[in-house]
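Under our numbering, read the sequence shown as residues 223 to 557, first letter to last.
C-beta: ideal position from N, C-alpha, C; glycine also.
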Amino acid sequence: MSNPVCVEVTRGNLVESRHRGSVVVVDGDGKLVFSLGDIESGVFPRSACKAIQALPLVESGAADAYGFGNKELALACSSHNGEDEHVALAASMLARAGRDVGTLECGAHWSFDQKTIIHQARTIDMPTALHNNCSGKHAGFVCACCHQDIDPAGYVGYDHPLQQQIRDTMQSLAGAVLAHDNCGTDGCSIPTYAVPLKGLAHGFAKMATGTGLEPLRAKASRRLFEACMAEPFYVAGTDRACTKLMQIAPGRIFAKTGAEGVFCAAIPEQGIAIALKCDDGTTRAAEVMVAATLARFFEKESAVHAGLMAIADRSFKNWNGIHVGDIRPTAVLTA
Numbered sequence: 223m224s225n226p227v228c229v230e231v232t233r234g235n236l237v238e239s240r241h242r243g244s245v246v247v248v249d250g251d252g253k254l255v256f257s258l259g260d261i262e263s264g265v266f267p268r269s270a271c272k273a274i275q276a277l278p279l280v281e282s283g284a285a286d287a288y289g290f291g292n293k294e295l296a297l298a299c300s301s302h303n304g305e306d307e308h309v310a311l312a313a314s315m316l317a318r319a320g321r322d323v324g325t326l327e328c329g330a331h332w333s334f335d336q337k338t339i340i341h342q343a344r345t346i347d348m349p350t351a352l353h354n355n356c357s358g359k360h361a362g363f364v365c366a367c368c369h370q371d372i373d374p375a376g377y378v379g380y381d382h383p384l385q386q387q388i389r390d391t392m393q394s395l396a397g398a399v400l401a402h403d404n405c406g407t408d409g410c411s412i413p414t415y416a417v418p419l420k421g422l423a424h425g426f427a428k429m430a431t432g433t434g435l436e437p438l439r440a441k442a443s444r445r446l447f448e449a450c451m452a453e454p455f456y457v458a459g460t461d462r463a464c465t466k467l468m469q470i471a472p473g474r475i476f477a478k479t480g481a482e483g484v485f486c487a488a489i490p491e492q493g494i495a496i497a498l499k500c501d502d503g504t505t506r507a508a509e510v511m512v513a514a515t516l517a518r519f520f521e522k523e524s525a526v527h528a529g530l531m532a533i534a535d536r537s538f539k540n541w542n543g544i545h546v547g548d549i550r551p552t553a554v555l556t557a
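Following this line, the structure appears as structure tokens:
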């Protein structure tokens, strides 16, 4: 099945690039609300599923034991810029469990954000694992282990007890069997599993609505979503799409990006969730796709719709400030 062209990039009066992809929107019962392309093939969610991976942190009681509030829980679900606030909070989370950066197994890298990497280059000699965009998630993993008296050593491994908990959680929410044959290794070294796009969306719809979830999981899901929506800066950072999307409609939109053109989102008040994949893995196109899809579910004359479409349909300028083209959703997304 050939997925439709969802995003176009123009230069002058011509289309210079086209991005194909698939999109699915479902409700808490798994009912299809909107779809484009192949929504049944396996897709690696990558970082888009971090809120699911954070559920054991809350369900185990670790979050309460260490006094975590919205900022800490948002960081546990984050792919952050490595800004000073992100680094400090990740270190604080570890300290509450009596651990430090040496316990993290995510590796170290410079920020992917230009302004942040310039700041880092001016203020530190080398990045540590705390600067890794996944350090908040990994700090949450370490805390979940420590609270449950599980040795965190090797916590990124497929057979580690924490990864078994996360795998069981993902299977339950997405309705997919996860095992070695659909497992890969994520950029931060933990297992990542290919699941059908529709199943991924249904998992987030369950979290958004509590439908079909036991009370403990429903409460934990609501708490994580509310934390992310309350503290979007700690989910991503300055000028990031996730941050902007949630700031457009405070407390109404949850959004989380993943590598290779994946995005998940939810509108809890409407009981729906979105999962999408840009075939060529381009982030710029995935951001257009998620903004345009979210906009479908808000009144066209509203400020929320206008804010979302400003992300979905925008112009490009060169270094001299000259308008050279636009990136825009196609009619399959906006009709």
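Determine the DSSP secondary structure at residue i, reduced to helix, strand or coil.
| i | result |
| --- | --- |
| residue 548 | strand |
| residue 505 | helix |
| residue 471 | coil |
| residue 353 | helix |
| residue 282 | coil |
| residue 254 | strand |
| residue 288 | coil |
| residue 428 | helix |
| residue 543 | coil |
| residue 262 | coil |
| residue 563 | This structure leaves residue 563 out entirely; the chain is present only between 223 and 557. |
| residue 418 | strand |
| residue 364 | helix |
| residue 358 | helix |
| residue 224 | coil |
| residue 299 | coil |
| residue 410 | coil |
| residue 333 | coil |
I believe residue i touches residue j by the beta-carbon criterion, under 8 Å. Please report the beta-carbon distance rounded to the nearest angstrom.
| i | j | result |
| --- | --- | --- |
| residue 607 | residue 471 | Since the first residue of the chain shown is 223 and the last is 557, residue 607 is not available in this structure. |
| residue 301 | residue 333 | So it is not a contact: roughly 11 Å between Cβ atoms. |
| residue 508 | residue 479 | 7 Å |
| residue 248 | residue 427 | 5 Å |
| residue 520 | residue 512 | With 8 Å as the limit, residue 520 and residue 512 do not qualify as a contact, their Cβ atoms being about 13 Å apart. |
| residue 251 | residue 433 | 6 Å |
| residue 446 | residue 319 | Not confirmed; about 19 Å, so no contact. |
| residue 281 | residue 442 | 5 Å |
Residue i lies in the beta strand (DSSP E); which residues open and close that run?
| i | result |
| --- | --- |
| residue 372 | Unbroken run through residue 372: none, as it is neither H nor E. |
| residue 325 | Neither: residue 325 is in no beta strand (DSSP E) and is coded neither H nor E. |
| residue 236 | 236-249 |
| residue 479 | 476-480 |
| residue 229 | 227-233 |
| residue 414 | 413-415 |
| residue 494 | 494-500 |
Determine, using beta carbons only, whether residue i and residue j come nearer to each other than 8 Å.
| i | j | result |
| --- | --- | --- |
| residue 369 | residue 284 | yes |
| residue 351 | residue 367 | no |
| residue 556 | residue 528 | no |
| residue 420 | residue 255 | no |
| residue 365 | residue 279 | yes |
| residue 244 | residue 258 | yes |
| residue 558 | residue 493 | The question about residue 558 has no answer here: the residues shown for the chain are numbered 223 through 557. |
| residue 459 | residue 303 | yes |
| residue 308 | residue 456 | yes |
| residue 534 | residue 554 | no |
| residue 418 | residue 291 | no |
| residue 484 | residue 466 | no |
| residue 468 | residue 490 | no |
| residue 242 | residue 408 | no |
| residue 449 | residue 295 | yes |
| residue 362 | residue 298 | yes |
State the start and end residues of the unbroken alpha helix (DSSP H) segment that holds residue i.
| i | result |
| --- | --- |
| residue 526 | 525-534 |
| residue 443 | 437-452 |
| residue 311 | 306-318 |
| residue 522 | No alpha helix (DSSP H) holds residue 522; DSSP gives it neither H nor E. |
| residue 273 | 272-275 |
| residue 383 | 383-396 |
| residue 555 | 553-556 |
| residue 458 | That residue, residue 458, is in no alpha helix (DSSP H); it is neither H nor E in DSSP. |
| residue 488 | First-last for residue 488: 484-489, but that is the beta strand (DSSP E), not the alpha helix (DSSP H). |
| residue 338 | 336-345 |
Checklist entry - Should the stretch 345-359 be regarded as contacting the stretch 268-284, the criterion being three or more beta carbon pairs within less than 8 Å? => result yes
Item to check | Sufficient close CB pairs (3 or more, under 8 Å) joining the stretch 388-403 to the stretch 308-327 | outcome: no
Checklist entry - Would you call the stretch 223-243 and the stretch 540-552 touching, i.e. three or more CB-CB distances under 8 Å? => result yes
Next on the checklist: Quick test of the definition: if touching needs 3 or more C-beta pairs under 8 Å, does the stretch 338-345 touch the stretch 385-392?
Outcome noted: no
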